[in-house]
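Shown next, in structure tokens, is the structure this report addresses.
2 protein chains.
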Amino acid sequence: MSRWEPNARGRLEQAALELYLEQGFDRTTVVEIAARAGLTERTFFRHFADKREVLFAGAGELRERLVGGVIDAPPSVPPMEAVAGALESLAQMFHARRDLVLPRHRVISANPELQERELIKMAGLAQALTDARRRRGVADPAARLSAEAAIAVFRVAFERWVSGPERADLASLVRSSLEELRGAVAAD
Amino acid sequence: MSRWEPNARGRLEQAALELYLEQGFDRTTVVEIAARAGLTERTFFRHFADKREVLFAGAGELRERLVGGVIDAPPSVPPMEAVAGALESLAQMFHARRDLVLPRHRVISANPELQERELIKMAGLAQALTDARRRRGVADPAARLSAEAAIAVFRVAFERWVSGPERADLASLVRSSLEELRGAVAAD
Numbered sequence: 018m019s020r021w022e023p024n025a026r027g028r029l030e031q032a033a034l035e036l037y038l039e040q041g042f043d044r045t046t047v048v049e050i051a052a053r054a055g056l057t058e059r060t061f062f063r064h065f066a067d068k069r070e071v072l073f074a075g076a077g078e079l080r081e082r083l084v085g086g087v088i089d090a091p092p093s094v095p096p097m098e099a100v101a102g103a104l105e106s107l108a109q110m111f112h113a114r115r116d117l118v119l120p121r122h123r124v125i126s127a128n129p130e131l132q133e134r135e136l137i138k139m140a141g142l143a144q145a146l147t148d149a150r151r152r153r154g155v156a157d158p159a160a161r162l163s164a165e166a167a168i169a170v171f172r173v174a175f176e177r178w179v180s181g182p183e184r185a186d187l188a189s190l191v192r193s194s195l196e197e198l199r200g201a202v203a204a205d
Numbered sequence: 018m019s020r021w022e023p024n025a026r027g028r029l030e031q032a033a034l035e036l037y038l039e040q041g042f043d044r045t046t047v048v049e050i051a052a053r054a055g056l057t058e059r060t061f062f063r064h065f066a067d068k069r070e071v072l073f074a075g076a077g078e079l080r081e082r083l084v085g086g087v088i089d090a091p092p093s094v095p096p097m098e099a100v101a102g103a104l105e106s107l108a109q110m111f112h113a114r115r116d117l118v119l120p121r122h123r124v125i126s127a128n129p130e131l132q133e134r135e136l137i138k139m140a141g142l143a144q145a146l147t148d149a150r151r152r153r154g155v156a157d158p159a160a161r162l163s164a165e166a167a168i169a170v171f172r173v174a175f176e177r178w179v180s181g182p183e184r185a186d187l188a189s190l191v192r193s194s195l196e197e198l199r200g201a202v203a204a205d
């Protein structure tokens, strides 16, 4: 008997982010999120397991995009370039969803528990990327190290992006952060 | 009125690790740890806030050693070499405490919640190292990137150490992992 609810998921996401920013994540209830979105609590739970999942439901897509970018690169592309390409593809996705990504970042920055969850998500991404690099034939310590380094590059670029001027390009920041890393770890 | 309890802290640590390995972290109580160590519960709580802290109380010393190694390096030492030196100093500490470090690692590997805590501890180390590098005059994206890379190097070396032959030298594994990272991030 459910009504057709156009873009219920997006409306719930939008409503949740607004409320988390207005009154804090901890003090926001699912009832309030559903009400703000003009939907029922039941509809909320059709889309998300709980109010935290609104912030982390995108992790799977992020991982697929990152791993897909590495796996799908033509064999002629050198391994680190395949990773850089995958990171730039993530950057484009983030840029396109700027209106959700930036408030989400503000919500997470304001809450230590969410920051821990974000950290765990990033470790999961590094692990997925390590596995992808192994499948591309990169040997083991190198696969893990370059995956961890790639995630660090992306995080640093992301932080520069959120704290920098409005029109900065995340993909360029990823590229320049990778160059910075190369310089920083070079044998001086 | 407390009796003199020689090396109470070390005995509690030892007893806790034994019990965590024998019956699992979750199923072990502070009462059991104290009893195994031949000490009282009250003595336990003079040394540790809870049973998890037995595993993480060393984080402060680890951080001081790492940061100290970077800060104290002579100005003539290039930044990445200062970090490598600090990591090798950590490696020596780990090697000397092998009898605690290895069982601790087995306990943490068996418990997802402890793994998350360990991840958060590593992120704290990366942050402390970033701050130390800034104080050494390294500019910002490079400070953060090289600190994250250094922690990744240490973690990978540590994993090779715990899963490798009995007599492997952690300091050499740190050094070779750093070389691997340099190769892995190089512009192919």
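These protein sequence lines are chains B and C, in that order.
Count the first sequence with the numbering used here and you get residues 18 to 205, in order.
Count the second sequence with the numbering used here and you get residues 18 to 205, in order.
Where a beta carbon is used, it is the ideal one built from N, C-alpha and C, also for glycine.
Asked                                                                                                                                                                                          : Found
Under the three-state reduction of DSSP, which class applies to residue 67(C): helix, strand or coil?                                                                                          : coil
Check each candidate in 187(C), 23(C), 22(C), 53(C) and name the one with the smallest Cα separation from residue 33(C).                                                                       : 53(C)
Report all residues from its chain with a CB closer than 8 Å to the CB of residue 80(B); omit the five preceding and five following residues, and keep chain order.                            : 141, 142, 145
Straight-line CA distance for residue 130(C) to residue 93(C)?                                                                                                                                 : 42 Å
So, for residue 134(B): in the same chain, excluding its five sequence neighbours on each side, which residues have a beta-carbon less than 6 Å away from its beta-carbon?                     : none
Shortest alpha-carbon distance to residue 162(B) belongs to which of 155(C), 172(C), 27(C), 87(C)?                                                                                             : 172(C)
Let me confirm a value: residue 86(C) is counted as buried when at least 16 other C-beta atoms fall within 10 Å, else exposed. Which label applies?                                            : buried
Within 8 Å (strictly less), CB to CB, does residue 194(B) reach chain C?                                                                                                                       : yes
Of all the residues that make up the region 145 to 166 of chain B, which are near chain C by a beta-carbon distance shorter than 7 Å?                                                          : 158, 159, 161, 162, 163, 165, 166
Starting from residue 200(B), find everything on chain C with Cβ-Cβ shorter than 8 Å and list it in chain order.                                                                               : 159
For the region 69 to 103 of chain C, which segments carrying the alpha helix (DSSP H) assignment without a break, of at least 4 residues, lie completely within its bounds, in sequence order? : 70 to 73, 76 to 89
Establish whether the CB of residue 173(C) and some CB of chain B are separated by less than 8 Å.                                                                                              : yes
Is the CB-CB distance between residue 155(B) and residue 91(B) below 8 Å?                                                                                                                      : no
Applying the criterion that 16 or more other CB atoms from any shown protein chain within 10 Å of the CB defines a buried residue, is residue 48(B) buried or exposed?                         : exposed
Let me know the secondary structure DSSP gives residue 44(B) once reduced to three states.                                                                                                     : coil
Taking the alpha helix (DSSP H) that residue 147(B) belongs to, which residues open and close that run?                                                                                        : 129 to 152
So, helix, strand or coil for residue 18(B), using DSSP?                                                                                                                                       : Confidence at residue 18(B) is low in this model, with a pLDDT of 44, below 50, so the placement of that residue should be treated as unreliable; the coordinate-derived value is given next. Coil, per DSSP.
Helix, strand or coil for residue 116(B) per DSSP?                                                                                                                                             : helix
Which residues, taken in chain order from the region 104 to 115 of chain B, show a beta carbon closer than 9 Å to some beta carbon of chain C?                                                 : none
Can you grab the Cα-Cα spacing for the pair residue 18(B) / residue 69(B), in whole Å?                                                                                                         : With a pLDDT of only 44 at residue 18(B), under the threshold of 50, the placement of this residue in the model should not be trusted; the figure read from the coordinates follows. Cα to Cα, the separation comes out at about 28 Å.
Near residue 106(C), which residues of its chain fall below 7 Å by C-beta distance, leaving aside the five closest residues on each side in sequence?                                          : 82, 86
Where does the unbroken alpha helix (DSSP H) through residue 173(B) begin, and where does it stop?                                                                                             : 157 to 180
Which residues in chain B have a C-beta closer than 8 Å to the C-beta of residue 133(C)? List them in chain order.                                                                             : 133, 137
Going straight from the alpha carbon of residue 60(C) to that of residue 189(C), what length do you get?                                                                                       : 39 Å
Does DSSP put residue 200(B) in a helix, a strand or coil?                                                                                                                                     : helix
Please confirm whether residue 18(B) has its beta-carbon closer than 8 Å to some beta-carbon of chain C.                                                                                       : Caution applies to residue 18(B), whose pLDDT of 44 falls short of 50 and renders its modelled position unreliable; the value that the coordinates give is listed next. With 8 Å as the cut-off, residue 18(B) does not count as an interface residue toward chain C.
Less than 8 Å between CB atoms is the rule here; does residue 197(C) satisfy it with respect to chain B?                                                                                       : yes
For a contact defined as C-beta to C-beta under 8 Å, what are the partners of residue 170(C) on chain B?                                                                                       : 162
Could you check what DSSP says for residue 185(B) in three-state terms: helix, strand or coil?                                                                                                 : coil
Less than 8 Å between the beta carbons of residue 153(B) and residue 50(B), yes or no?                                                                                                         : no
Can you pull the chain B residues whose beta carbon is under 8 Å from the beta carbon of residue 177(C), in chain order?                                                                       : 158
Using DSSP with H/G/I as helix, E/B as strand and the rest coil, what is residue 55(C)?                                                                                                        : coil
Any beta carbon from chain C within less than 8 Å of residue 32(B)'s own beta carbon?                                                                                                          : no
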